[in-house]
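Sequential numbering from 14 applies to the sequence shown in the numbering used here. For each residue, glycine too, the CB sits at the ideal point set by N, CA and C. These numbers come from a predicted model, not from an experiment.
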Amino acid sequence: MDAPDAICFSPELTQAQFLRIRRILYLHCGINLRDGKEGLVKSRLTKRLRKLGILSLEQYLHLLRRDDARDELLAMVDALTTNKTSFFREPSHFEFLRRQILPSFRAGHEPIRIWSAGCSSGEEPYSVAMLLRENITDIDHYDCRILATDICSRILDCARQGHYGNGALDHVPPQYIRKYFIPDGTTGDRTYRVTDSLRNMIRFARLNLLAQWPMRGLFDLVLCRNVMIYFDKPTQTALVKRFWTILKKGGYLLVGHSESLTGSTPDFTYVRPATYVK
């Protein structure tokens, strides 16, 4: 089937269809698509329909019900999830990491395990890797691993590539840019790619936080920042309990500054805003 005309194609989205899409998204990955998001759903799924040559959202929903629809379900999640991040976002977390957490890593010389849960396009784990290299000078002699996961395959590909435009580096200290980024492209349209010294510290993997976690062993630090805002309270509570089980005693959980564990679990100890310890 030929793709619909790119200019005039605008399928209708009924309220019943929106509710069905919302339920599919919630059941698959826990994202709670709130009322008022109808325009976003229509806009983003229209692009999927155009690419697939499908003429209506009803046909698309029929496709999602098929037994072999797993890949398209993942594509729909990619289309409907929003990925907003930056290097050293919410800088007070990184200052706390530098002043309070990294010294214990340096003193103990034990294996270091860090998880960036909801890493988006990679700025968060790369920021953590830069801090580790800057504050533990012999970090290459440590058993140090950063796991970076996200549900969106498309954004993970961007993270793995580690290519960023000039604007993305606005909050990166100039000395870090010189050490950890390689200029690529012309001066007028310059991009930068992260060095292998950072890339080799991180393993990127696709993971649905609501699905089974394949990781073995415990983590010293979990960053799940500005992710749980997309979940309802029962899903948040269940997720926080799972983070508890995968952290070492004395391990830290960092959430977004617009998030709180109040009412989610009595087990974590509050340290400072958006910072908790097991």
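6 Å Cβ shell around Lys-192 - same chain, five flanking residues per side excluded
none
Identify the residues that DSSP records as bridge partners of Tyr-39: which are they?
Partner(s): none; Tyr-39 has no beta bridge.
For Met-14, which residues in the same chain have their Cβ closer than 6 Å to its Cβ, ignoring the five residues on either side in sequence?
Interpretation of Met-14 is limited by its pLDDT of 44, a score under 50 that renders its predicted location unreliable; no figure is taken from the coordinates.
Is Gly-135 closer than 8 Å to Gly-175 when the C-beta atoms are compared?
yes
Simplified DSSP assignment, three categories, for Leu-60:
Here residue 60 turns out to be Lys, not Leu, going by the sequence shown. In the structure shown, Lys-60 sits in a helix (DSSP, three-state: H, G or I).
Can you check whether the CB of Ser-133 is closer than 8 Å to the CB of Arg-219?
no
Does the Cβ-Cβ distance between Tyr-139 and Leu-211 come in under 8 Å?
yes
Give a yes or no on whether the C-beta atoms belonging to Val-253 and Leu-274 are separated by under 8 Å.
yes
Keeping to the same chain, check which residues put their C-beta closer than 7 Å to that of Ser-23; ignore five residues upstream and five downstream.
Thr-59
Are the stretch 145-163 and the stretch 175-184 in contact at 8 Å, needing three or more beta carbon pairs?
no
Per the DSSP calculation, Gly-178 is bridged to which residue(s)?
Thr-204
With a threshold of 16 other CB atoms inside 10 Å of the CB of Arg-146, please say whether the residue is buried or exposed.
buried
Hey, could you find the ends of the alpha helix (DSSP H) Pro-196 is sitting in?
First-last for Pro-196: 194-197, but that is the beta strand (DSSP E), not the alpha helix (DSSP H).
Looking at the unbroken alpha helix (DSSP H) that takes in Tyr-289, where does it start and where does it end?
Per DSSP, Tyr-289 belongs to no alpha helix (DSSP H); it is in the beta strand (DSSP E), 288-290.
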